[in-house]
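Asker:
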Amino acid sequence: MTTLSERLEDESAAPPPGQTTAPPGQTRGRIVPVWLAIVAASMPMFMATLDNLVLTSALPVIQRDLGASVGQLQWFMNAFTLAFATLMLTLSALGDRLGRRRVFLWGIALFALASIASALSTTSEMLIAARAVQGVGAAAIMPLSLTLLAGAVPHAKRALAIGVWGGVSGLGIALGPVVGGAVVDGVSWQAIFWINVPVAAVAIPLALYALGESKGKRQPLDLPGVLLAGVAVFVGVWGIVHGNEDGWTSTTVLGALIGSAALLAAFVVRELRTPFPLIPLRLFRSRQFSLANVIGLTFTLGMMGAVFLLSQYLQIAMGYSPFEAGLRTLPWTAAPMVVAPIAGILAPRLGLRALLVTGLVLQGLSLLWMASLIVPGVAYSSMIPAFVMAGAGMGLTFAPTATAVLADMPEADHGTASSTNATLREIGIALGIALLTAVFLSAGGSLTPTGYVDALAPALNVGAGFVAIAVVAAALMPGRTKAVMASR
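Going letter by letter, the sequence shown gives residues 217 to 704 in this note's numbering.
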């Protein structure tokens, strides 16, 4: 099947500037504006990424309502992110086989149904289970949204489109605390999930109209690989979450961590030997792809773990309501929406390395700055510059990372490449919440007004350390890439 991007390379088939002809399928012969394709791909992705951290501002309220423990609070977040991370590659491969738009639409519908189940939950266990199903829907939405978008815009506009997509992705993650806080204060924590239903109702017909169907390579699913990778990540996060409670040298925790490492090793061996791997390890021969994935894992680990703790700090230690706390993260959360599209425009001129190094350095320094500010009686106004620095850094990171992942990849590998990167980012979020919370608790922290002063700073410093690893990876990036140069 001839892809849209291939047809656009032929001048005789090129559509008018600012528009793109939809791929063959139900939209055959229809001229679809580029902006509409971006909206159709980005709206469901925003809904899915928003739910990564949408509960952070609501956790104190949910804790009181459902009687949840600290461990259960983490699983409200990690049930979603682990299901998201574990099944993303599988559902992307299913999209290659059955049709990317079809599986994308299935994901939207499942996400909406799981949102209804989350809203109707009356126990912690019910909410954790519903959040896991939400993560399955998100796993179909996130990677396929980028693949569908990349195939729906001309090469000349791809960097800008990915920049907008990256900005929306980052905004969805970062705005979670704001939206969650506003809804909790204005209605209830259950309403956080109800708002997904009308969004899905609009997103499905829009995707049917603006995005054409496409398929990739048809090959058997690597179900043993899915099982090995999924269980390895789940067991590893479980061990980290229970480390402080059960003891890091306890049989259960040590067994979980050792077992996770053994399963990961078995997964790598499996991927090297099977003819149809879940993650083709040949992709990692590209230095740029490998480094982009190191960046995706480590910077989300450091930053999203910090968001989880700081969102609760604003409520529990500083006394703000959920909405007031979310509103006060806006200097951080609004910046990616402004900066990420600009980064997409600047990428052809400056190259990915310069943008990534700058963005990651800003994020690492912002965490160190925040850590130095955590003292009794600290004023919120003193935290604003650090929040702005963090948000600008995230905006400079999202879009260039997404571009770097696809830059060296042939069209047929776009789905797998973007899914691999998105999987590692989601694993980073889960590990970040688990690791930084473990550091927080081991330093004597607790979810009380006085339980943050001496414990939050060490957790933020650890987060900054992981961002520093991402800085090193970004510095090793090529200065320019074929994909970036081609868009000039």
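For every residue, glycine included, the Cβ atom is placed at its ideal position computed from N, Cα and C.
Just so you know, these numbers come straight off a predicted model, no measurement behind them.
Closer than 7 Å by C-beta to residue 621: which residues in its own chain qualify, once you throw out the five before and the five after it? Chain order, please.
Answerer: For the purposes of this step, residue 621 is taken as the residue at position 405 of the sequence shown. Taken in chain order, the residues that qualify are 505, 508, 633, 634 and 637.
Asker: Cutting at 6 Å between CB atoms, please list the residues of its own chain near residue 586, excluding the five before and the five after it.
Answerer: By one-based count along the sequence shown, residue 586 stands at place 370. If we look at residue 586 and ignore the five residues flanking it on each side, its Cβ neighbours are 602 and 676.
Asker: Name the residue from 359, 466, 322 and 666 whose alpha carbon lies nearest to the alpha carbon of residue 535.
Answerer: In the sequence shown, counting from the first residue as 1, residue 535 sits at position 319. Ranking the options by Cα distance to residue 535, first place goes to 666.
Asker: Per DSSP, what kind of secondary structure is residue 249 in: helix, strand or coil?
Answerer: Counted from its first residue, the sequence shown places residue 249 at position 33. Three-state DSSP puts residue 249 in a strand.
Asker: Excluding sequence positions up to five away, which residues of its chain have a Cβ less than 6 Å from the Cβ of residue 641?
Answerer: In the sequence shown, counting from the first residue as 1, residue 641 sits at position 425. Within the same chain, residue 641 has close Cβ partners 512 and 516.
Asker: How far does the alpha helix (DSSP H) with residue 440 in it reach, from first residue to last?
Answerer: Indexing the sequence shown from 1 puts residue 440 at position 224. Start and end: 439 to 457.
Asker: Just to confirm before moving on: does the CB-CB distance between residue 193 and residue 402 stay below 8 Å?
Answerer: No information on residue 193 is available, as it lies outside the stretch 217 to 704 that the chain covers here.
Asker: Check residue 431 in the structure and name its three-state DSSP category.
Answerer: Here the question's residue 431 lines up with position 215 in the sequence shown. Three-state DSSP puts residue 431 in coil, outside helix and strand.
Asker: What residue from 576, 571 and 275 has the CA that sits closest to residue 616's CA?
Answerer: Taking the sequence shown and counting its residues from 1, the one referred to as residue 616 is at position 400. For residue 616, the nearest C-alpha among the options comes from 571.
Asker: Within the same chain, show all residues whose beta-carbon is closer than 6 Å to that of residue 472, passing over the 5 residues directly before and after it, in chain order.
Answerer: Mapped onto the sequence shown, residue 472 falls at position 256. Only 451, 454 and 455 meet the Cβ criterion.
Asker: Cα separation between residue 686 and residue 518?
Answerer: As a first step, residue 686 must be located in the sequence shown, where it is residue number 470. As a first step, residue 518 must be located in the sequence shown, where it is residue number 302. If you take the alpha carbons of residue 686 and residue 518, they lie about 10 Å apart.
Asker: At what residues does the alpha helix (DSSP H) containing residue 279 begin and finish?
Answerer: One-based indexing of the sequence shown puts residue 279 at position 63. First-last of the alpha helix (DSSP H) with residue 279: 275 to 282.
Asker: Compute the Euclidean distance between the alpha carbons of residue 316 and residue 301, then round it to the nearest angstrom.
Answerer: The residue given as residue 316 occupies position 100 in the sequence shown. The residue given as residue 301 occupies position 85 in the sequence shown. Computed Cα separation, rounded: 18 Å.
Asker: Whole angstroms are fine: how far does the CA of residue 439 sit from the CA of residue 241?
Answerer: Here residue 241 corresponds to residue number 25 of the sequence shown, with the count starting at 1. Here residue 439 corresponds to residue number 223 of the sequence shown, with the count starting at 1. Residue placement at residue 241 is flagged as unreliable, the pLDDT there being 32, under the threshold of 50; a coordinate-derived value is accordingly withheld.
Asker: Roughly how far, in whole angstroms, is the beta-carbon of residue 261 from the beta-carbon of residue 412, given that I think they are within contact range, below 8 Å?
Answerer: In the sequence shown, counting from the first residue as 1, residue 261 sits at position 45. In the sequence shown, counting from the first residue as 1, residue 412 sits at position 196. That pair is no contact at about 13 Å.
Asker: Are the beta-carbon atoms belonging to residue 611 and residue 688 less than 8 Å from one another?
Answerer: Along the sequence shown, one-based indexing puts residue 611 at 395. Along the sequence shown, one-based indexing puts residue 688 at 472. No. Outside cutoff.
Asker: Between the alpha carbons of residue 481 and residue 541, how many angstroms are there, rounded?
Answerer: By 1-based counting over the sequence shown, the position of residue 481 is 265. By 1-based counting over the sequence shown, the position of residue 541 is 325. Cα to Cα, residue 481 sits roughly 42 Å from residue 541.
Asker: Mapping DSSP to helix, strand and coil, what is residue 658?
Answerer: Counted from its first residue, the sequence shown places residue 658 at position 442. Residue 658 falls in the helix class under three-state DSSP.
Asker: What's the gap between the Cα of residue 468 and the Cα of residue 459?
Answerer: In the sequence shown, counting from the first residue as 1, residue 468 sits at position 252. In the sequence shown, counting from the first residue as 1, residue 459 sits at position 243. Cα-Cα distance, rounded: 9 Å.
Asker: Compare the Cα-Cα distances from residue 669 to each of 370, 251 and 591 and report the closest residue.
Answerer: Position 453 of the sequence shown, counting from 1, holds the residue named residue 669. If we check each option's Cα against that of residue 669, 591 comes out closest.
Asker: For residue 609 and residue 394, I'd like the C-alpha separation in whole angstroms.
Answerer: Along the sequence shown, read from residue 1 onward, the residue named residue 609 stands at position 393. Along the sequence shown, read from residue 1 onward, the residue named residue 394 stands at position 178. Straight-line Cα distance between these residues: approximately 19 Å.
Asker: Within its chain, find whatever has a CB closer than 7 Å to the CB of residue 658; leave out the 5 residues flanking it on each side and keep chain order.
Answerer: Taking the first residue of the sequence shown as position 1, residue 658 is located at position 442. Here the set comprises 460.
Asker: Are residue 441 and residue 486 touching if we call contact CB-CB under 8 Å?
Answerer: Position 225 of the sequence shown, counted from the start, is the residue given in the question as residue 441. Position 270 of the sequence shown, counted from the start, is the residue given in the question as residue 486. Closer than 8 Å, so yes.
Asker: Determine the DSSP secondary structure at residue 692, reduced to helix, strand or coil.
Answerer: Indexing the sequence shown from 1 puts residue 692 at position 476. Residue 692: coil per DSSP, three-state reduction.
Asker: Find the nearest neighbour of residue 510 within the set 530, 691 and 607, judged by alpha-carbon distance.
Answerer: Against the sequence shown, residue 510 aligns to sequence position 294. Ranking 530, 691 and 607 by Cα distance to residue 510 puts 691 first.
Asker: So what's residue 271 in DSSP terms, helix, strand or just coil?
Answerer: Looking up residue 271 in the sequence shown gives position 55. Three-state DSSP puts residue 271 in coil, outside helix and strand.
Asker: Is residue 160 helix, strand or coil by DSSP?
Answerer: Residue numbering for the chain in the displayed model covers 217 to 704; residue 160 lies beyond these limits and cannot be assessed.
Asker: Tell me whether residue 316 sits in a helix, a strand or coil according to DSSP, three-state version.
Answerer: In the sequence shown, residue 316 corresponds to position 100, counting from 1. Helix.
Asker: Less than 6 Å between C-beta atoms, sequence neighbours within five positions excluded: which residues of the same chain meet that for residue 313?
Answerer: Here residue 313 corresponds to residue number 97 of the sequence shown, with the count starting at 1. Closer than 6 Å at the Cβ level, and outside the excluded window around residue 313, lie 434.
Asker: Using a Cβ-Cβ cut-off of 6 Å (strictly less than) and excluding sequence neighbours within five positions of residue 406, which residues of its own chain qualify?
Answerer: If you number the sequence shown from 1, residue 406 lands on position 190. Result list for residue 406: 335, in chain order.
Asker: So is residue 359 buried or exposed if we call it buried at 16+ other beta carbons inside 10 Å?
Answerer: Counting from 1 along the sequence shown, the entry for residue 359 is found at position 143. The residue in question, residue 359, is buried, as its Cβ has 16 or more Cβ neighbours within 10 Å.
Asker: Determine whether the beta carbon atoms of residue 652 and residue 525 lie at a separation below 8 Å.
Answerer: Translated into positions along the sequence shown, residue 652 becomes position 436. Translated into positions along the sequence shown, residue 525 becomes position 309. In contact: residue 652 and residue 525 (Cβ atoms closer than 8 Å).
Asker: I need the straight-line Cα distance from residue 557 to residue 339, nearest angstrom please.
Answerer: As a first step, residue 557 is located in the sequence shown; it is residue number 341 there, counting from the start. As a first step, residue 339 is located in the sequence shown; it is residue number 123 there, counting from the start. Their backbone Cα atoms lie some 41 Å apart in a straight line.
Asker: Nearest CA to the CA of residue 342: which residue from 626, 291 and 573?
Answerer: Within the sequence shown, residue 342 is the residue found at index 126, counting from 1. Among 626, 291 and 573, the Cα nearest to that of residue 342 belongs to 291.
Asker: Spatial neighbours of residue 575 within its chain, please: CB distance less than 6 Å, with the 5 preceding and 5 following residues excluded, ordered by chain position.
Answerer: Residue mapping note: residue 575 aligns to position 359 of the sequence shown, counting from 1. So the list reads 609, 612 and 613, once near-sequence residues are dropped.
Asker: Between 544, 275 and 549, which lies nearest to residue 288 when the distance is taken from Cα to Cα?
Answerer: The count along the sequence shown starts at 1 and reaches residue 288 at position 72. Measuring from the Cα of residue 288, the nearest candidate turns out to be 275.
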